[in-house]
Every structure is written in structure tokens, then in C-alpha cells.
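As numbered in the numbering used here, residues 339 to 726 make up the sequence shown, in order. Worksheet for the structure shown next.
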Amino acid sequence: MTEPGTDPLTLARDLLRCASVTPAEGGALGVLEGALKQAGFAVHRVIFAEPGTAPVENLYARIGSDAPHLVFAGHTDVVPPGDAAAWTYPPFAAEVAGGKLFGRGAVDMKGAIACAIAACRDHLGAHGGRPKGSISFLITGDEEGIAVNGTVKLLQWAAERGESFDHCILGEPTSAEAVGDTIKVGRRGSLNGTLVVTGKQGHVAYPERADNPVRGLTTLMGALMAEPLDHGSENFGPSNLEFTSIDIGNPVVNLIPGEARARFNIRFNDCHSQVPLKILIEKRAQAAAGERVRWRIEWEPSNADVFLTKPGPFVDMVVAAIAEATGRKPQLSTLGGTSDARFIKNYCAVIEFGLVGQTMHQVDERTPVADLATLTAVYRKILERYFA
Ligand SMILES: [Zn+2]
């Protein structure tokens, strides 16, 4: 009989059976604690809270005390299953059928955490139970939510304990079609704002006595959509501004509204940082507004800056491990939404590499069982090369 948690499928199934929808721990960190302690890690479970948010439990585990220090990061929280009746198998049953493991979190990202632990156990088993350096797990329960009581605070907590990391692998589902075809070496930044134009409310039959803000709003929106923010950089595609909602909230047909608002999001590359980008947008709005339109932009605070882990020995090592285990040469991508890598990058070099993400957040989220073995093999090769 296999010990619990020694093979990635068993461990992944144990994790999938925990209904750890953000911010609930759901037993998932307990499963990890057991598996990591068994492998010789010192495990800490820490709860972070702040007024107005739900407290969230997180886990930090380490084995070894020397450099180099490699950290596997990830999250055990999952998005809700949605309509459970729409699933072929119950979302928290961890059913295996047709060579596939079904369940919420299978690819995003309990599966990858199971693979990382299995790879570590195998590596440690082959090297007398201790790494030639240190291995850590930095696991949060607050990634899919507002991400306030998760990785940010866990990194601060670890730093205050004197922990320092050299390199991090975040197991988000970065692979596109096959395990190892894509790793993420960076992510775009994200910024939200609301464009507000004020006019003068009045009767629609007497427009001369009113000032319709819709006219100004559409002018400014047109201007902000017209010109590209840049033409991309060496490692990133072009930045993009996208309007997501136009809000006037006028319930009647005979009233010119006094105010019109439009929300937008910008995904920006490494040509920009937040403050100069805001100035650029406001300059363009002002140029379109001239003296006629009264406008302002309400910016939302953002903790999603752009990051890029530059090509170098660490990225080369991961690429070589992937090639050795899968025969694939991964694409180094910077596409997609934000992830906790935006916080980790302030502490050490980070890349993201995990399972095939096609079914993440969907009904019938699933991964081929064979992919778990492949990802475990890649992580294992990474450990071998890292601690060579
Ligand atoms: Zn995720």
C-alpha cells in the first residue's frame, strides 16, 4: 500500500475533497500539513485578518537551513463550483474517470501543489532526507478572493522571521495545451479607473437649459480608445485600455442626466508604471476635453504592478528541466491575468509553471491523471538541477 500523499494523484484527491472555497480553509491546509510533516518539513499555519475582511489561514513549511532556498508557492483556495448539478461528477468528490481527475481546483491549483510535494518527497528520499539547501512551501488560502490576507502578509511574516528566498516556482496552471509548453516569466500590471463627466441636469425638451454629460463622456471615451498606449516591448504585447461599463442610471426618458460615468481597466506592460500611466491617460483626456468638458478620473488603488523575471540561469534551468522531462521547449509567456507572483517578485525571482489551464474556473474542471505524473517529473528534475 502506498503511504498517504506519496503519489501526486492520492494527494491531489485528498486536497480536492476539501471544499476550500475562499476564504474557507476546508481542511486543505490540514492535508498539506500532514503530508509535509511526514516529509520532514517544519510546518507553520498562520491566520491573517484585518477589519472588514474575513480571516484567512495560510501555511508556510520549510526543510533545510542553508542556501540556496527554493520556494514552491501556491493557493489551496478555489473559486465556487457554481451550479453543482451542472457537473458530471460532484465538484468536491475528486472522481477519476476516463483517465481524468475531476474537481474544483484540479488544475487551479491543488493538482500542482500535490505534484510539488510528491516531487520533494522523491527528491528527499533519494538524498538522505535533506536538501542541499532549503525547500519551502508558501501556500495561501486567499488568492481567488481579494488577496489581502494571503501571500502579501505571508511574505511579510516570513521576512520578519528572517526567511529569505532565492527563487520561487508558483504552480499556477500556465500550460496551454500540454504540460511544459508554456511558463510565465512575467505578468502585465492592472489598473482600474472610472471616468466621470459632469453636466447640468434638465428637461430633455429644453436642452439649451441643460448640459448633457453623455456628449463629453463619449468624446473622452473615443479619445482614450483611439490611440494605442504603446506598441509592446521585448517581452510583452501592447498595453490595452478597455472600457467595461457605462453608467448613467437614468430611469426616465425625459431627463438629461447630470452625470455620466464609464469604468475601464488597463493591462499594462513594462513600458509603464502606475503613476506615469495615470498621467498619460489624464493628459489624453484633457486634450480631448479642452475647455468644454468637465471631467475627472477616479483611480482605484492597485497592487498589481507589472513584473518580469529576466532570462538567466534560473529560467534556463527550468526550461532545461522541462525539456528533459517532456521533450518540450516551453514558450516564455507574459500573457494572462495577475497572480500572486506580483507580490513574490518583491522578494525573489519567480516563474509560474503548472498544469494545463483550459478548464480552470469552469464546470467539470479536470486534469488528465497522466499530467500529474508529468508535472511531478518536471518538478523533480528542477529539484535535481537546483540542488546539484
Ligand atoms: Zn490559481
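Ideal Cβ positions, reconstructed from N, Cα and C, are used throughout, including at glycine. If you're wondering where the values come from, they're calculated on a predicted model, not measured in any experiment.
Query                                                                                                           : Result
Three-state class that DSSP yields for C458 in the structure shown                                              : helix
Per-residue burial, E565 [other beta carbons within 10 Å of its own, 16 or more giving buried]                  : exposed
Heavy atom of ligand 1 within 7 Å of D480 beta-carbon                                                           : no
Environment of A435 [buried if 16+ CB atoms lie within 10 Å]                                                    : exposed
Cβ distance (whole Å) where V534 is taken to contact R634 below 8 Å                                             : 5 Å
Alpha carbon of T672 to alpha carbon of E510, nearest angstrom                                                  : 13 Å
Heavy atom of ligand 1 within 7 Å of D643 beta-carbon                                                           : no
Cβ-Cβ distance between V445 and T705 below 8 Å                                                                  : yes
Contact under 8 Å by Cβ, R605 with S528                                                                         : yes
The segment 540-557 contacting the segment 480-496, beta-carbon criterion three pairs below 8 Å                 : no
Other residues of its chain near P668: CB distance less than 7 Å, five sequence neighbours each side excluded   : G518, D519, T520, I521, V657 and I660
Inter-residue CB distance, H461 and L721 (contact presumed, cutoff 8 Å)                                         : 4 Å
D416, buried or exposed, once every other Cβ within 10 Å from all chains shown has been counted against 16      : In the sequence as displayed, the identity of residue 416 is Val instead of Asp. It counts as buried.
Inter-stretch contact (C-beta, 8 Å, three-pair minimum) for the segment 471-490 and the segment 384-394         : yes
Where R351 falls, given that 16 or more other Cβ within 10 Å makes a residue buried                             : buried
Of the residues E629, L408 and I619, the one placed nearest I682, counting alpha carbons only                   : L408
E510: CB within 7 Å of a non-hydrogen atom of ligand 1                                                          : yes
Closer than 7 Å: M447 CB and nearest ligand 1 heavy atom                                                        : yes
Contacting residues, own chain, Cβ-Cβ under 6 Å from F725 (five flanking each side not counted)                 : P469, K470 and G471
Backbone CA spacing between G575 and V644 [nearest angstrom]                                                    : 12 Å
Cβ neighbour criterion (16 or more within 10 Å) applied to R400                                                 : buried
Cβ-based burial, V631 [other Cβ within 10 Å; buried from 16]                                                    : buried
Residue from M563, A450, G554 and V523 whose Cα sits closest to the Cα of P346                                  : A450
Beta-carbon gap between A561 and R622 smaller than 8 Å                                                          : yes
Reduced DSSP secondary structure (H/G/I, E/B, other) of K621                                                    : helix
Those runs of the beta strand (DSSP E) which lie wholly inside the segment 395-442 and span at least 3 residues : 407-413 and 438-440
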